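In the UniProt record's numbering, the protein residues as written are 1 to 784.
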């Protein structure tokens, strides 16, 4: 034992690899079946760019003793306890009451917030924090009587109850805000003036939400049980929850503050700070200081702009956590190789290729903003979709030929190409790099880690047929959705949409579990249905939802099942909690949506007095016209403006093969750090995001997950995830306060230089365009 301690003392900033056998120790308390390595230790520098770390890596002084029976991944060891007490009560009245109340409030408010512009969203962290004082007060003040055989107050509010409440909130409203199906209903009811009633609304939302739940459970052997399926986002949640319930405090690199106290300081600071970049001093948020020097220079605003520009270095860092983490989450979560890949994507695609395309006037780019999520006609105005739609919601070809083709900004067009490449690269990458592991997991050949062993040892698993039964029930409801009402969508299209969701579930799930980057199927589903059923906007919306959201919901459910796995939640109780919260939350959202129709005057009107302008519903409606009415054949087929983007399908399929071949020959080549699905899909939010947001993300991510992790690994292990949780939750509460106290009261931003300097640039007004037309002029092809 002295030799082990001596080795730690001699190499404080290094990590130590054990070379001999495992032994037992009488002087260190261990759980049954655990042992530590007690033999000769040699110092070895730790490289955080190594995305897969074996269990021979010793952790840290603060986490000692390092036990053999633990996760092989330091990220997991730093966030998740490797022990379990199955006697802790989980299925309690307290858990169900608090969980259902917060689910109801969260679903109702998030649906209402989704109708407002600007939008706000309650995250699961908001309700999780609320659950803490409520649960603690329940344990302190309520009597312990029995109701239906269950104790009303079974003791202290515990970690497992808290985790279940958090999961109920996440599956019902926390992952994506309002249910995606509500955007369909809003577009259909408000914009198309077509209302099928309450019954249709309920079967539509239940079927689109719950099929994903069934698929998640069926795939859990591949996407949950393997130790390599980390789900970095859930490590943040696990850290946040354990901070509240497990009080361990060992010094790390000289820092003695506990993780809970550290979280409290960061949370308070984040909450207070956001009022500056979010309201008082907005220049801190859009810190594109070069554009302030030349506010009317088109090139400067295009290259260095933060809102409709490219945010080129050195103009690429924000002082607003909302700008840094708004689109793909906290940069403190993904491993360093993932962030490194995103940085390469930003530099190559958006700082080299996009300017080259734009300034060569490819796709008539000089007449458009370099980065915008809008669509334009040949007079540089927003595309007026109403001019090409017939009375029966069909495509009016003559009107289209007399009006204009549809044009996209350079980054918007490139984003479609990247989406095409992400689909093929995800499939090929998964087969080449994870195919063998997936097959081994199906055959149960992989050795389970400590978390899987504890779950199998202490709890009954959910029979797969339970999830199969859920799938059959809601597949029947999905058929009723598309056929009992006139949705323009035949059953065979529904089956194809679901097959797309199923085929991509393992590739998308594996990429998300390892990198925290979600590969979206929205563009591909729009593309496919646009060719299969042109001129059917309602069918397009439902096909996209059953193909994309079923897959997305499945990944969300799987991710929360992994959190339950980490927190040692009974799988059968977790099944009930997820299912009931989803059913109830969907009902609440439909009720609030129906209430809004009758209670909010001029709902979805651009001039609605309280700004309930329905931004999501409007975007969904526009997309239904672009893809469902005009159709991709008039955008991407041979001879059309954006035909060249189809070659991204081929590029996405070839590049992972090249990587694989290089690594076969040179296993330590630098290409091992490049993940092509991440390269193509991580920047999928550009636009409306910009490279400015992503560059800020990469700067913060590489600072903490590479430099700090490598230099001060003890500090990183103890505080990194607490830092992320504190920043995220402080921001969430600040956004809620700003929304409730400022936006809803129509408070005006302070009028001073710190706000006006941003508003006065071409970048912020979407006017950074090199060639402006005179009245009556047009650009583009002469016929289309």
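Built from N, CA and C at the ideal position, the CB exists for glycine as well.
Quantities reported herein were computed from a predicted structural model and do not represent experimental measurements.
- Beta-bridge pairing by DSSP links residue 150 to 147.
- When the Cα atoms are used, residue 766 and residue 351 turn out to be separated by approximately 19 Å.
- Rounded to the nearest whole angstrom, the CA to CA distance from residue 484 to residue 474 is 14 Å.
- When secondary structure is reduced to three states using DSSP, residue 263 falls in the helix class.
- If the five residues before and after residue 229 are omitted, its C-beta is found closer than 7 Å to the C-beta atoms of 223, 513, 562, all from its own chain and listed in chain order.
- Counting along the chain, the unbroken alpha helix (DSSP H) around residue 503 starts and ends at 491-515.
- When DSSP states are grouped into helix, strand and coil, residue 255 belongs to the strand group.
- Contact between residue 722 and residue 74 is ruled out by a C-beta separation of about 16 Å, above the 8 Å threshold.
- Listed as beta-bridge partners of residue 382 by DSSP are 376.
- Each of 703, 585, 681, 689 was checked against the Cα of residue 102, and the nearest Cα belongs to 585.
- One alpha carbon belongs to residue 693, the other to residue 537, and they sit about 33 Å apart.
- Each residue's CA atom was taken as its position, placing residue 398 and residue 636 some 20 Å apart.
- Nearest to residue 155 by C-alpha distance, out of 139, 163, 194, 165, is 139.
- Contact between the segment 662-675 and the segment 295-311 is absent, with fewer than three C-beta pairs closer than 8 Å.
- Going by beta carbons, residue 324 and residue 783 fall outside the 7 Å limit.
- A Cβ-Cβ separation of about 5 Å places residue 678 in contact with residue 517 under the 8 Å criterion.
- For the beta strand (DSSP E) assignment, the segment 680-728 encloses no uninterrupted run of at least 3 residues.
- Residue 724 sits away from residue 241, with the two beta carbons spaced by 7 Å or more.
- For residue 614, there is no enclosing alpha helix (DSSP H), since its DSSP letter is neither H nor E.
- Between the alpha carbons of residue 746 and residue 277 lies a distance of about 18 Å.
- In the DSSP assignment, residue 760 falls outside any alpha helix (DSSP H), carrying neither H nor E.
- Shown here, residue 276 sits in a helix according to DSSP, grouped into three states.
- Put simply, the backbone Cα of residue 92 is about 7 Å away from that of residue 150.
- If you look at residue 451, you'll find it in the alpha helix (DSSP H) that goes 450-458.
- Scanning its chain for C-beta atoms nearer than 6 Å, with the 5 sequence neighbours on each side dropped, one finds around residue 194 the residues 188, in chain order.
- In the structure shown, residue 389 falls within a strand segment according to DSSP collapsed to helix, strand and coil.
- For residue 249, no alpha helix (DSSP H) encloses it, and the DSSP letter there is neither H nor E.
- Rounded to whole angstroms, the Cβ separation of residue 590 and residue 201 is 5 Å, and the two are in contact under 8 Å.
- Around the CB of residue 486, fewer than 16 other CB atoms lie within 10 Å, so the residue is classed as exposed.
- A residue is called buried once 16 or more other Cβ atoms fall within 10 Å of its Cβ, and residue 656 is buried on that count.
- By the 16-neighbour rule on beta-carbons within 10 angstroms, residue 469 is exposed.
- In this structure, residue 165 sits away from residue 204, with a CB-CB distance that is not shorter than 7 Å.
- One thing to note: residue 411 has its Cβ within 7 Å of the Cβ of residue 354.
- Distances from the CA of residue 394 to each of 218, 625, 413 were compared; the closest alpha carbon is that of 625.
- With a contact defined as Cβ atoms closer than 8 Å, residue 501 and residue 547 qualify at about 5 Å.
- From the listed residues 777, 617, 451, 322, the smallest Cα separation to residue 735 is found for 322.
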